[in-house]
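Please read the structure below before turning to the comments.
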Amino acid sequence: MDKISQLPDELLVKVLSFLSTKDAVSTSILSMRWKFLWMWLPKQEYNFRHYSVSEGQGLARFITSSLRVHKAPAIESLSLKFRYGAIGSIKPKDIYLWVSLAVHVSNVRELSLKLFNFAELPTKLPKSLCKCKSIVILKLKDEILVDVPRKVCLPSLKTLFLGRVTYSDANSLHRLLSNCPVLEDLVMERDKIDNLGKLSVIVKSLQRLTLKMSRPCHLDGLKMNSPSLKYLKVIDERLESDSDDESDSDSPRYFYDFEDMPKLEEADFVLTFQNIKKFFGSITSVKRLSLCLGVYTEESLYHEGLVFNQLEQLKICSCDSDWSILLARLLKSSPNLRELEAYVIEDHPNGRTDLPNQWDNQLNCVPTCLLSSLETFRWSEMHGLLQNQMDVAKYILKNARCLKSATIFFPTTYAQETRDEMIEELSLSFQGPETCQVFFH
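In structure tokens, the structure reads:
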């Protein structure tokens with residue numbers, strides 16, 4: 004220990020940074036040499052769950068003291084996570100104080116808050132957080148109130164995560180995003196009534212957006228104008244019964260208004276009971292596309308004239324009975340497609356109902372991508388008992404002239420005899436290159 008104690012302060016602090024905050028503080032009893040070293044730690048993490056009243060009160064005193072005596076010029080990262088503790092042992096005013104100290108005293112650069120089963124009402128944060136010039140990463144999750152004042156200035160914020168929080172009013176999010184001039188990564192998760200109506204994501208610097216919504220959250224519409232966007236993921240699994248007017252697919256609740264995204268490279272959509280044709284035209288630059296679209300009709304798809312010249316990788320979920328309509332449209336519109344995968348998202352039904360001959364009605368000529376570019380074909384859990392799915396697989400195996408590998412997985416519930424019959428039928432359909440490797444599982 005004496006030899007270690009002779010090392011420079013910077014190196015010893017580096018060693019302490021690999022420990023939890025609690026363990027790092029405990030080294031202060033080793034000797035006078037170690038007594039104050041932990042105060043220079045650039046990262047502090049407090050993650051507690053299932054704590055009693057007395058434990059919570061002790062934690063509150065300890066965290067307050069730690070933040071007050073912190074000596075480093077800045078807190079690189081402060082993480083506060085409290086779950087399933089005795090309600091009232093750590094109070095909302097404690098969180099308010101700690102965030103204030105991190106902002107005013109320590110120039111915090113990354114702040115992560117997660118409060119679950121914490122208080123009767125969402126916890127309010129100090130308004131000074133919305134004027135913090137040093138913060139680069141902000142993550143707020145669960146029982147937190149996002150109360151955004153009129154004056155907001157977050158000049159350094161690049162990453163923002165808002166998970167199942169509550170907003171003070173319908174315009175809180177807009178005020179927040181409008182004052183993040185360098186924001187690059189935005190993640191939002193919504194699964195409750197959180198006081199938001201229409202979402203407006205108008206951030207010129209934004210490069211990545213992930214939006215996840217499920218019942219009973221409310222949405223009047225989603226408006227996006229982020230021309231720098233490179234990655235977009237929208238998961239909207241609210242049910243059709245959420246709509247005030249189920250007969251009107253263009254009602255405000257289902258309104259998507261996406262401006263052109265010329266830099267978009269990857270998009271992932273899981274949309275249930277949505278009319279999606281309004282924003283398909285804004286993603287034609289995409290290179291990688293993943294789609295699960297439930298209960299749509301041919302009229303709800305994009306217009307025939309759209310072309311996805313840069314699309315190289317396509318994943319499409321086969322959970323809906325009409326999924327092959329969209330697949331046929333995309334194959335015709337993607338002349339440079341190299342990889343195709345059909346799959347089923349966990350807990351989604353597979354195929355629902357069989358529509359034989361549906362596939363044959365979609366293509367009057369072989370798509371260009373099958374003749375000149377498709378190299379990889381993969382199907383996870385292909386239900387060969389559904390004739391429509393067999394028709395799709397046979398068509399691709401027959402017409403993909405540049406195929407290098409094809410892999411098809413059958414459901415584990417299928418009897419071996421059934422699997423063998425399907426493998427034989429699919430094998431007879433294959434007319435691809437002799438060098439192509441075909442696998443059945």
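Residues in the sequence shown are numbered from 4 upward in steps of one, following the numbering used here. Note that beta-carbon positions come from the ideal geometry of N, C-alpha and C, so glycine has one too. A quick note: this is a predicted structure, and the numbers were derived from the prediction, not measured.
The way I'd put it, the stretch 369 to 378 does touch the stretch 338 to 349; three or more beta-carbon pairs between them come closer than 8 Å.
In its chain, beyond the 5 residues on either side, ALA77, ASN110, VAL111, ARG112 and SER159 have a beta carbon closer than 7 Å to the beta carbon of SER137.
Close CB contacts of ILE140 within its chain, under the 6 Å cut and outside five residues either way in sequence, are with GLU113 and THR162 (chain order). The alpha-carbon of LEU330 is positioned some 7 Å away from that of ILE319. Cβ-Cβ distances below 8 Å link GLU378 to ARG341, GLU342, CYS405, LEU406, LYS407 and SER408 in the same chain, with the five nearest sequence neighbours on each side left out; the list follows chain order. In its chain, beyond the 5 residues on either side, PRO129 and SER131 have a beta carbon closer than 7 Å to the beta carbon of SER103. Under the three-state reduction of DSSP output, GLU428 falls in the helix class. In summary, PRO184 is exposed, with fewer than 16 beta-carbon neighbours lying within 10 Å of its beta-carbon over all protein chains present. Around the beta carbon of THR169, a 10 Å sphere encloses 16 or more other beta carbons of the protein chains shown; the residue is thus reported as buried. Here PHE21 is exposed: its Cβ has fewer than 16 other Cβ atoms, across all protein chains shown, within 10 Å. GLU420 carries a helical assignment under DSSP once its states are collapsed to helix, strand and coil.
Under the criterion of beta carbons closer than 8 Å, MET227 and VAL190 do not qualify as touching, at roughly 15 Å.
Here LEU118 really is in contact with GLU146; their C-beta atoms are around 4 Å apart, less than 8 Å. At a Cβ-Cβ threshold of 8 Å, ILE238 and LYS201 do not count as neighbours. Between the alpha carbons of ILE399 and CYS133 lies a gap of roughly 54 Å. DSSP, read as helix, strand or coil, puts LEU81 in strand. In summary, ASP97 is buried, with 16 or more beta-carbon neighbours lying within 10 Å of its beta-carbon over all protein chains present. Considering only GLU48, PHE442 and SER55, the residue with the shortest C-alpha distance to ALA105 is GLU48. Straight across, the Cα-Cα distance linking ARG291 with LEU267 is about 9 Å. Rounded to whole angstroms, LEU186 and THR410 show a C-alpha spacing of 40 Å.
Excluding five sequence positions before and after PRO125, the CB atoms of its chain that fall closer than 8 Å to its own CB belong to GLU146, ILE147, LEU148, VAL168 and THR169, given in chain order. In the DSSP annotation of this structure, the continuous segment of the alpha helix (DSSP H) that includes GLU58 starts and ends at 56 to 71.
Taking GLN440 as the centre and dropping the five residues before and after it, the same chain places the C-beta of SER408 closer than 6 Å to its C-beta, in chain order. Excluding residues up to 5 positions away in sequence, TYR49 and LEU116 lie with their Cβ nearer than 6 Å to the Cβ of LEU83 in the same chain.
Cβ atoms of LEU235 and LEU212 come within 8 Å of each other, at about 5 Å. A distance below 7 Å between beta-carbons, with the five flanking residues on each side excluded, links ILE93 to the following residues of its chain, in chain order: GLY59, LEU62, ALA63 and PHE85. In the structure shown, TYR346 falls within a strand segment according to DSSP collapsed to helix, strand and coil.
Shown here, VAL441 sits in a strand according to DSSP, grouped into three states.
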